[in-house]
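Counting in the UniProt record's numbering, the sequence shown runs from 1 upward without gaps.
Even glycine gets a Cβ: it sits at the ideal position worked out from N, Cα and C.
Notes for the one structure printed next.
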Amino acid sequence: MTGSPGHGVVVGFDGSSCAEEALDWAAAEAVLRGVPLRIAHSWTLSPYGVPVLEQGDIAQGITEAAEALLQGAQTRVLKEHPELRVDLDLLTEGAAPGLIDLGGRADLLVVGSRGLSRFSSILIGSVSQSLVAHAPCPVVVLRGTTGRTGDRGPESAAEQSEAAATTGPAPVVLGAAPGEASAPVGFAFAEAARRGAPLLVVRAWQYPTNVGGYIAPPPGDMGLRDGEEGGELALVLADAAEEFPGVRVVQEVGMHEPAWALVDASTRACLLVVGAERRRHRFAPPIGRVAQQVLHHAHCPVAVVPHH
């Protein structure tokens, strides 16, 4: 079964608890954006080496089970959002290439950090890794709230409502490196505007040193560097701030390890946005070190926005 082509939010679904959280988040995001939701599930016998002539009943049984899984996901979404258009995509190739292909026609891809892997202790699965490295559109990864040792458990709906009433909506957090590309910045502003949330922009810098360990710079140097970084950051944000004048922007600039500054900010955020440069030299990892660490340790959904 294949939904009609078009833009929207695409979510990968395999029936795991992490995928269910991603499904619920993606549905709410599609409603916010006013676009369809496309639920995709992948199945293939290729990894098992079953000859094509012998697949027959096996393939039919798997297809029927996969269709039932998708229909169950659709029912779950429509129960909460009856007005939402929901399309279903049954992919007969691997999950990563199938979702990357759908990403070429999507506004956003959403996945759980890990699916039905036997190694449930891993922080982020291979499909999520492939998507954030290669998808042509922004990818949101939800780490899930189950099985996260040391993480605070999810708040109840009543606790979330009470917190929102007293403190307002949780911010969208943007990690803005020096000379940050416009795509992640614009994405973060747009997400904050949709939610009526403030945008917290984090700029962390490190004191240059030729040896390991922590070196405390003179207070005067810290103040001067904070001012320089803040001025450059204002230039990075200027165009998007003009496009979204209703978004309240808060800047946090200071000496810190960038990834951990963002992980710390994620404890009070509804979404964390980082960029992923697509034109990297041949020996570089698919995404940068900061984005990798954030994906492994953030306490909220992480949006990885590609740019060139």
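Anyone know if the C-beta pair for Leu-84 and Val-77 falls short of 8 Å?
-> Contact: yes.
Within 10 angstroms of its Cβ, does Arg-248 collect 16 or more other Cβ (buried), or is it exposed?
-> Per the 10 Å Cβ criterion, exposed.
Does the pairing of the stretch 286-294 with the stretch 228-238 give three or more beta-carbon distances under 8 Å?
-> Contact between the stretch 286-294 and the stretch 228-238 is absent, because fewer than three Cβ pairs lie under 8 Å.
Any idea if Gln-206 is buried or exposed, counting beta-carbon neighbours within 10 angstroms, 16 or more meaning buried?
-> Sixteen is the threshold: since fewer than 16 other Cβ atoms of the shown chains lie within 10 Å of the Cβ of Gln-206, the residue is exposed.
Does the Cβ of Leu-271 have 16 or more other Cβ atoms within 10 Å, making it buried, or fewer, making it exposed?
-> Leu-271 comes out buried.
For Pro-258, the three-state DSSP class (helix, strand or coil) = Assignment of Pro-258 by DSSP, reduced to helix, strand and coil, places it in the helix class.
Which term fits Ser-266, buried or exposed, when burial requires 16 or more other beta carbons within 10 angstroms of its beta carbon?
-> Buried, because 16 or more other Cβ atoms sit within 10 Å of the Cβ of Ser-266.
Could you tell me the distance, in whole angstroms, from the CA atom of Pro-93 to the CA atom of Ala-303?
-> Residue identity check: residue 93 is Glu in the sequence provided, not Pro. If you take the alpha carbons of Glu-93 and Ala-303, they lie about 25 Å apart.
Identify which residue in Leu-131, Glu-243 and Glu-252 has its Cα closest to the Cα of Glu-191.
-> Taking only the C-alpha atoms, the option nearest Glu-191 is Glu-243.
Rounded straight-line distance, which links the Cα of Leu-32 to that of Pro-258 = Near 30 Å, if we compare the C-alpha coordinates of Leu-32 and Pro-258.
Alpha carbon to alpha carbon, how far is Ser-126 from Ala-261?
-> Computed Cα separation, rounded: 25 Å.
C-alpha gap between Arg-195 and Ala-73, whole angstroms = Distance between the alpha carbons of Arg-195 and Ala-73: 25 Å.
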